[in-house]
Amino acid sequence: MQAAGPLSARRGARIPVGVAFLSAAPPRRLVSNKPRTSFVIPARNAARTLAQTLDCLLAQGDADWEALIVDDGSSDPTPELITSYAQRDRRFVALRGSGSEGVSAARNTGLVQACGRFVVFLDSDDWIHPTFLRRMHAALEAAPGAAVAYCDYHRVMPDGAWAPVHSDPLVAQAPFETFARTCAVAIHAVVIERELVLRAGSFDTSLRTCEDWDLWQRVSRLGAAWVHVPKPLAFYRTSEQSLSQDTARVLADAAVVIHRGFACDPRLQDPAPAHASGASRAHGITPELALAYFVLWFRALDAARGVHQSELGELLGDDLPAETPYLATTLLDGLTVGLRAVPSQLAARWNDYGPHITALIDALGAIWNDPVAARRTQYAFERLVLQHDDLAAPRHLALTMGLRVDLRRLEPVTPAEGIDRFYVHLCDGASVLGVVEPGTLGTFAPQQWIELAAQCLGWKRVIGLTARSVARAITSGRFAHASRMAVAMLRCTAMREQGWRHVLKAAAQSALLTAAAPASDDGGHVDALNRLREEADPVAGPAAAAVTAASTRETGTAEDHASEGRRAFWDNFFRQPDPWNYGSAYEQEKYALQLELLPEGKVACALELACAEGRFTEKLAMRAQRLIATDVSATALARAADRCSSNPHIEFRQLDLAADCLPQGVDLIVCSEVLYFLADETELLRVGQRMAAALTPGGHLITAHALVLNEEMTRTGFDWDHPWGATTICRVLAEVPGLFLERSLRTELYRIDRFVRRDDCAMPSPPLIESRPITAEIEHEVARYVVWGGAVVRRTELANTERHQQIPVLAYHRIADDGPPALARYRVGAAAFAAQMSWLRKNGYYSITADELASFLQHRYPFIGRPVMITFDDGYQDFADTAWPILRRHDFRAEVFVPTDLIGKSADWDCCFGEPAPLMDAATITALAAQGARFGSHLASHRGADGLSTRELAVELLRSRRCLAHWTGLQPCAVAAPFGFTDQRLERLAAECGYVIGFSTESQAVSLADDPMRLPRIEVRGDMALEEFVRELEACR
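Take the sequence shown: its position 979, counted from the start at 1, is 979 in the working numbering, and no numbers get skipped.
#1: Under 6 Å Cβ to Cβ from S949, same chain only, skipping five residues before and after it: list those, please.
#2: Specify the secondary structure class of G688 as computed by DSSP and reduced to three states.
#3: If we ignore side chains and look at the alpha-carbon of each, how far apart do P446 and L410 end up?
#4: Please list the segments of the alpha helix (DSSP H) lying wholly inside the segment 43 to 126, counting only runs of 4 or more residues, in order along the chain.
#5: Where in the segment 275 to 347 do unbroken runs of the alpha helix (DSSP H), each at least 4 residues long, occur, reported from the N-terminal end onward?
#6: Relative to the alpha-carbon of C427, which residue among R408, P415 and G442 has its alpha-carbon at the smallest distance?
#7: Grab the span of the beta strand (DSSP E) containing K231 for me, first residue to last.
#8: Among all the DSSP beta bridges, which residues are the ones paired with D873?
#9: Under three-state DSSP, which class holds T630?
#10: Taking A398 as the reference, which of A374, V229 and F92 has the closest Cα?
#11: Can you find the residues in the same chain that come closer than 8 Å, C-beta to C-beta, to A799, ignoring five residues on each side of it along the sequence?
#12: Rounding to the nearest angstrom, what Cα-Cα distance links C911 and T286 in this structure?
#13: DSSP has T443 in a bridge; who is on the other side?
#14: Suppose contacts are defined by Cβ-Cβ distances below 8 Å. Is F294 in contact with A254 by that definition?
#15: Run through DSSP, which three-state label would L209 get?
#16: Looking at the structure shown, is Y826 part of a helix, part of a strand, or coil, going by DSSP?
#17: Quick check: what's the CA-CA separation for S960 versus E781?
#18: Specify the secondary structure class of Q971 as computed by DSSP and reduced to three states.
#19: Count the other CB atoms within 10 Å of the CB of K602; is the residue buried (16 or more) or exposed (fewer)?
#20: Which residue comes first and which comes last in the beta strand (DSSP E) that contains E852?
#21: Would you report the Cα separation of V1030 and A234, rounded to the nearest angstrom?
#22: Where does V1020 fall in DSSP's three states?
#23: Mapping DSSP to helix, strand and coil, what is C611?
#24: Is it right to say P1120 is buried, meaning 16 or more other beta carbons lie within 10 angstroms of its own, or is it exposed?
#25: Check the C-beta distance from S1000 over to R1021 and give it rounded, since I have them as a contact under 8 Å.
#26: According to DSSP, is R1037 helix, strand or coil?
#27: Can you tell me whether L1026 is buried or exposed, with buried defined as 16 or more other CB within 10 angstroms of its CB?
#28: Across the segment 686 to 702 and the segment 769 to 781, are there enough close Cβ pairs to call them in contact, namely three or more that are closer than 8 Å?
#29: Note down, in chain order, each residue of its chain lying with its Cβ closer than 7 Å to the Cβ of T358, except the 5 sequence neighbours on either side.
#30: Could you check whether the segment 960 to 978 touches the segment 922 to 932, counting it as contact only if at least three pairs of C-beta atoms, one from each stretch, sit closer than 8 Å?
#31: When you compare only the Cα positions, how much space is there between P775 and A679?
#32: Along the chain, which unbroken stretches of the beta strand (DSSP E) at least 3 residues long are found entirely within the segment 170 to 206?
#33: Using CA coordinates, which residue listed in T747, I669 and R48 is at the minimum distance from A604?
#34: Just to confirm before moving on: does the CB-CB distance between A612 and A592 stay below 8 Å?
#35: Check for me: the beta strand (DSSP E) holding A163 runs from which residue to which?
#36: Tell me D753's beta-bridge partners as DSSP assigns them.
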């Protein structure tokens, strides 16, 4: 289907050289040698610019072209100029348009008369590079199947300045999806097959604007392939005449084109099947958002002209969400066109447009009902403006001050009222060395600049520059000023070489000795921060006692014990009563199984080896007429005797199992949880022989020991450093002459074996082996050493063999099976999380905390073994209910980043997606901290840090830290701002507030070389299969 209206009604006539313009529409002209490319140039009152446009064609290195110049009702000397060029060169062809149907009809007039295979639509005030044709055709020839080539372009302002290159590689990747949403190319930056334009229906004359966008959209819907030439070969002149004054008409036409892109287009008979129904809404910008961007661009253009924004809300509605990207770049682009200035000129002209653009951004905030989002947009826009400026003079914008700081001539900098962040070029004279963007609460003294420069450039480089500022201050008599700078230089954490320390210390001392009282910092940044620290609100909620490390089961080897002496070691071990929690349900269940293996009736004489504090002794005494209870520790024996004081038939003896003689002639020996500590299997066999010799014939030996992982890696076991466990103990004891295994009760974690002493040589019956479940709850200090289902490698082995320069830091949000579908990415199911933690444990990973990570980074120590840091954002209640029990089961800790103002409430920031998830309260945080969980700052209010004023950000950092210290008993050292945001302002302010490390959501491993305040984390998504999780972890090694 053709474009609306008969094409012949819009055709113009060829203008022969020297002949008057004709109004009739003759047939298409005939030429004997068809050019490869036809330029179609509509011109209306273009006498001032047309010559430059036509001259750029004469300069083309590829001369195989024609230019059809369509005068469209000019009232200036444009017709004569066209005629003069046609007389000079036959490649110029003069045509005449109707003068009333608009530029689309004029272009269609030239298109019909064009003879080239390719066509370029060149406006009468634009131009192209001399290599344009050669490069564009070369690209088409190198891309078989491509029918369209496009290049990058510059806008050129009235003063001749060029704007930065405009380039959009997405056009070549997805042309239809791109043009459904925006016009991404300049019209004269395109070389296209003429027949393709005709097939698409030429220009739509019903559109007074956006006609080229509409054409490219139709061409792309046909399935045409585009090839990108990444060179700025086209130049677009920006002038008042090039801008439509009828904003309403432009927006109406843009709406038509955009909505056409997302629907069927009846003007095309054979669209590509993939595009027949319109662009996809599933990915990218929706049509409503695309139009909102277009509206915003024109509102920025109006702001440049000083036009009031009262109708903004009506135009935008709810179609431009606050978190939309590209807001600042859209505003900047519209502004440059409206001001007809390149971006590098904008900062100096802030007074011309600043109040208007700020009012526009405030209006956006009112539409969003979100002043934080408005401030974020203002910050981003001002930063973008200053990025384009050379800061040759200080630039005072609404919230940001741009300036140069010469490190050789440091002076205090006081921001103007309302400004709370700097954008700074750190300089050595005229040379820019780096850029810093700190927040400010007041005057920045030279020492702040020194510290910032050291962080940005490295202390060695900074010292050489700033030492001259110190010397200059001393020479001029400003001793307090010099002193503070010298102290700041000394505080640079990386500065460790004594030579520089000595020089600077001497300078500082010299200044201090001769200085008057130091000047006050009133009104300065540091002083303001200290006042905020003092003004912090009191903390509500329970205060935690100081967190102490929980007792852990001793797993040292016999050699370790021998170094101190076994008796002294075990006396020291039993300084704290009940070090192994003998009264736990797990230990009591083990005692019950041991009692089950005792012989029937009362035993005449029993011997208990390693009785500890007598918990089992009490129970065993009820089954023996006489009981000898022994232990190597006098401290433990004293507690056991006190516990069993009502049993006069118990005799307590101090006895070193490995060295002392055993009582003889006993009918029963019970030996539990002690044979791990012997030196080697030879000693174990020797002790076994002594126990057999101490038994009467027919007497029994009962042992109870745990299954240790390093005996058999493929089954569940304790990851202890003991050289053996129950399996080896049973095997060695079975080798003792006269001892025979009679019965065995086996659980997943331990086994209880009963041996009998027999002196006859008859073949014993096979032992009775029974499996028993563990029904008792296993307390954490036992369970944390268990590797369920076996392991690939043990932690201890890796600690001895592996060192790494980087580690993974994992980032989770919720551990839950249900929730809003839109948030599924941030929700890992309980089973999937358990599988991930199991894999980590089986593969030898261990968790480290934020302060441990900070220590590695500070000292640049290689990471030992396979550490991993596990983090959770937001502090959801399901961390306490689901994640933490799984973590503890696998002996992992975690760092939870909590928005402290919202504890005990819900994640209302997600309310638009469904019922918000509940957050942990203060009591839960306190309880988890006592169990070993760590907590860091997620700020206080969960608002985006990039939209908070510097004062608000400082208050949230300080209040959050104070709350966490109150609830947990530990000073938090880590911060992870909401939404993964981080920048220099947040990082420096967090450090000033006492934080040591900070996290983003950049997805990669943490390296020893990373900035501690900007550490990456690997997001664990809800759709991440275990195989992908494993690949992420293995890529970090």
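Think of the CB as a built atom: it goes at the ideal place given N, C-alpha and C, for glycine as much as any other residue.
Looking at the atomic coordinates:
#1: As a first step, residue 949 must be located in the sequence shown, where it is residue number 949. The beta carbon of S949 is closer than 6 Å to those of D420 in its chain, skipping five residues each way along the sequence.
#2: In the sequence shown, the residue the question calls residue 688 occupies position 688. Residue state, collapsed to three classes: helix.
#3: Within the sequence shown, the letter at position 446 stands for residue 446. Within the sequence shown, the letter at position 410 stands for residue 410. Rounded to whole angstroms, P446 to L410 spans 6 Å at the Cα level.
#4: Here the runs fully enclosed are 50 to 58, 78 to 88 and 103 to 113.
#5: Runs of the alpha helix (DSSP H) inside the segment 275 to 347: 287 to 305, 312 to 316 and 327 to 339.
#6: As a first step, residue 427 must be located in the sequence shown, where it is residue number 427. Of the listed residues, the one whose Cα sits closest to C427 is R408.
#7: Counting from 1 along the sequence shown, the entry for residue 231 is found at position 231. Taken as a continuous stretch (DSSP letters only), the beta strand (DSSP E) holding K231 covers A225 to R237.
#8: On the sequence shown, residue 873 is found 873 positions in, with the first residue counted as 1. For D873, which the question treats as bridged, DSSP gives the partners F897.
#9: For the purposes of this step, residue 630 is identified with residue 630 of the sequence shown, where counting begins at 1. Judged by DSSP in its simplified three-state form, T630 adopts strand.
#10: Walking along the sequence shown from the start, residue 398 turns up at place 398. For the options A374, V229 and F92, the alpha carbon positioned closest to that of A398 is the one of A374.
#11: Numbered from its first residue, the sequence shown carries residue 799 at position 799. Setting aside the 5 residues that flank it on each side, A799 is surrounded in the same chain by I864 and G865, each with a C-beta closer than 8 Å to its C-beta; the list follows chain order.
#12: Looking up residue 911 in the sequence shown gives position 911. Looking up residue 286 in the sequence shown gives position 286. Counting only the Cα atoms, T286 lies some 22 Å from C911.
#13: Along the sequence shown, one-based indexing puts residue 443 at 443. Partner(s): G524.
#14: Working through the sequence shown from its first residue, we reach residue 294 at position 294. Working through the sequence shown from its first residue, we reach residue 254 at position 254. Yes, these two residues count as a Cβ contact at 8 Å.
#15: Taking the first residue of the sequence shown as 1, we reach residue 209 at position 209. Correcting the residue identity first, residue 209 is Thr in this sequence and not Leu. It is coil, neither helix nor strand.
#16: For the purposes of this step, residue 826 is taken as the residue at position 826 of the sequence shown. Y826: helix per DSSP, three-state reduction.
#17: Against the sequence shown, residue 960 aligns to sequence position 960. Against the sequence shown, residue 781 aligns to sequence position 781. Straight-line measurement puts the Cα of E781 at about 31 Å from the Cα of S960.
#18: Position 971 of the sequence shown, counting from 1, holds the residue named residue 971. In the structure shown, Q971 sits in coil (DSSP, three-state: anything other than H, G, I, E or B).
#19: By 1-based counting over the sequence shown, the position of residue 602 is 602. K602 is classed as exposed because its beta carbon has fewer than 16 other beta carbons within 10 Å across all chains shown.
#20: Stepping through the sequence shown from its first residue, residue 852 is reached at position 852. First-last for E852: A850 to H859, but that is the alpha helix (DSSP H), not the beta strand (DSSP E).
#21: Taking the first residue of the sequence shown as 1, we reach residue 1030 at position 1030. Taking the first residue of the sequence shown as 1, we reach residue 234 at position 234. Inter-residue distance for V1030 and A234 is about 49 Å (C-alpha atoms, whole angstroms).
#22: Position 1020 of the sequence shown, counting from 1, holds the residue named residue 1020. The answer is coil: DSSP assigns V1020 none of H, G, I, E or B.
#23: By one-based count along the sequence shown, residue 611 stands at place 611. In this structure, C611 counts as coil in the three-state DSSP scheme.
#24: The structure shown does not extend to residue 1120, since the chain is modelled only from 1 through 1037, so no value can be given for it.
#25: Translated into the one-based positions of the sequence shown, residue 1000 becomes position 1000. Translated into the one-based positions of the sequence shown, residue 1021 becomes position 1021. In this structure S1000 is not in contact with R1021, their Cβ atoms being roughly 16 Å apart against a cut-off of 8 Å.
#26: Residue 1037 sits at position 1037 when you count from the first residue of the sequence shown. In this structure, DSSP gives R1037 a state outside helix and strand, which the three-state scheme calls coil.
#27: Walking along the sequence shown from the start, residue 1026 turns up at place 1026. L1026 is exposed by the Cβ-count criterion.
#28: Result no; under three Cβ-Cβ pairs closer than 8 Å.
#29: Within the sequence shown, numbered from 1, the residue matching residue 358 stands at position 358. Answer for T358: Q378 and A398, listed in chain order.
#30: Contact between the segment 960 to 978 and the segment 922 to 932 is present, because at least three Cβ pairs lie under 8 Å.
#31: Position 775 of the sequence shown, counted from the start, is the residue given in the question as residue 775. Position 679 of the sequence shown, counted from the start, is the residue given in the question as residue 679. First, the residue type needs correcting, since residue 775 is Thr and not Pro in the sequence shown. The straight-line gap from Cα to Cα measures roughly 33 Å.
#32: Qualifying beta strand (DSSP E) stretches, in chain order: 190 to 193.
#33: For the purposes of this step, residue 604 is taken as the residue at position 604 of the sequence shown. It is I669 whose Cα lies nearest to the Cα of A604.
#34: Numbered from 1 along the sequence shown, position 612 holds the residue referred to as residue 612. Numbered from 1 along the sequence shown, position 592 holds the residue referred to as residue 592. Judged by their CB atoms, A612 and A592 are not nearer to each other than the 8 Å cut-off.
#35: Locating residue 163 in the sequence shown gives position 163, where the first residue counts as 1. Where A163 is concerned, there is no enclosing beta strand (DSSP E), given that its DSSP letter is neither H nor E.
#36: As a working note, residue 753 is residue 753 in the sequence shown. According to DSSP, D753 bridges with T703 and S744.
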